[in-house]
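First residue of the sequence shown? That's 7 in our numbering, and the numbers climb one at a time after it.
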Amino acid sequence: MKVRDIHKTITIEPPVVFENDSIEKVVEVLLKDPRSRSVYVVDKEEKLVGIIPTSIILKTTHILKGKRTVAKEDTFNALKISKARVAKDIMLPPIYVFENEDIVDALEAMVMEKIEELPVVDKSKKVIGDLNCMEIIKNLWSK
Numbered sequence: 007m008k009v010r011d012i013h014k015t016i017t018i019e020p021p022v023v024f025e026n027d028s029i030e031k032v033v034e035v036l037l038k039d040p041r042s043r044s045v046y047v048v049d050k051e052e053k054l055v056g057i058i059p060t061s062i063i064l065k066t067t068h069i070l071k072g073k074r075t076v077a078k079e080d081t082f083n084a085l086k087i088s089k090a091r092v093a094k095d096i097m098l099p100p101i102y103v104f105e106n107e108d109i110v111d112a113l114e115a116m117v118m119e120k121i122e123e124l125p126v127v128d129k130s131k132k133v134i135g136d137l138n139c140m141e142i143i144k145n146l147w148s149k
């Protein structure tokens, strides 16, 4: 089964922000659909440049709005996040899938990268959808 066969069955519109959008905008976009597990960051040509999983948004929220205490090994990341103002400050390098990829390969990427959602991109790396882990689980276990 291919990504094209199952993506857009849970999350219809991918959550996308521009790299210079504020952290507040990232949170706003994420909260529009509680099923989303990541926000995708694009450049001015709308090409994927990064991904912000909910785990990063949680860390950012904790450091910017919470008690600001972190484990010793996270001190550098906490300092970086405390200075974050826009999406590109907290994004991870882009991880993505194409529509013609097998869902088992997409599942492997999610497990290896410890993320629950992947952007689906076209050949020019424009985000055309997203693949939620629940779409994979549903389809692999229902057959």
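Even for Gly, the Cβ is constructed at its ideal location relative to N, Cα and C.
Between the alpha carbons of His-68 and Ala-90, how many angstroms are there, rounded? As a working note, residue 68 is residue 62 in the sequence shown. As a working note, residue 90 is residue 84 in the sequence shown. For His-68 and Ala-90, the distance between alpha carbons rounds to 13 angstroms.
Thinking C-beta only, is Ile-57 closer than 7 angstroms to Ile-101? Taking the sequence shown and counting its residues from 1, the one referred to as residue 101 is at position 95. Taking the sequence shown and counting its residues from 1, the one referred to as residue 57 is at position 51. Result yes, Cβ atoms of Ile-101 and Ile-57 sit closer than 7 angstroms.
Should Glu-119 be listed as close to the ligand MN, given that the test is whether its C-beta is under 6 angstroms from any heavy atom? Here there are no bound small molecules, and the ligand MN is not part of this structure.
Mapping the DSSP letters down to three states, classify Glu-51 as helix, strand or coil. One-based indexing of the sequence shown puts residue 51 at position 45. Coil, per DSSP.
Between the segment 19 to 36 and the segment 92 to 100, are three or more C-beta pairs nearer than 8 angstroms? As far as the Cβ criterion goes, the segment 19 to 36 touches the segment 92 to 100, which means the pair count is three or higher.
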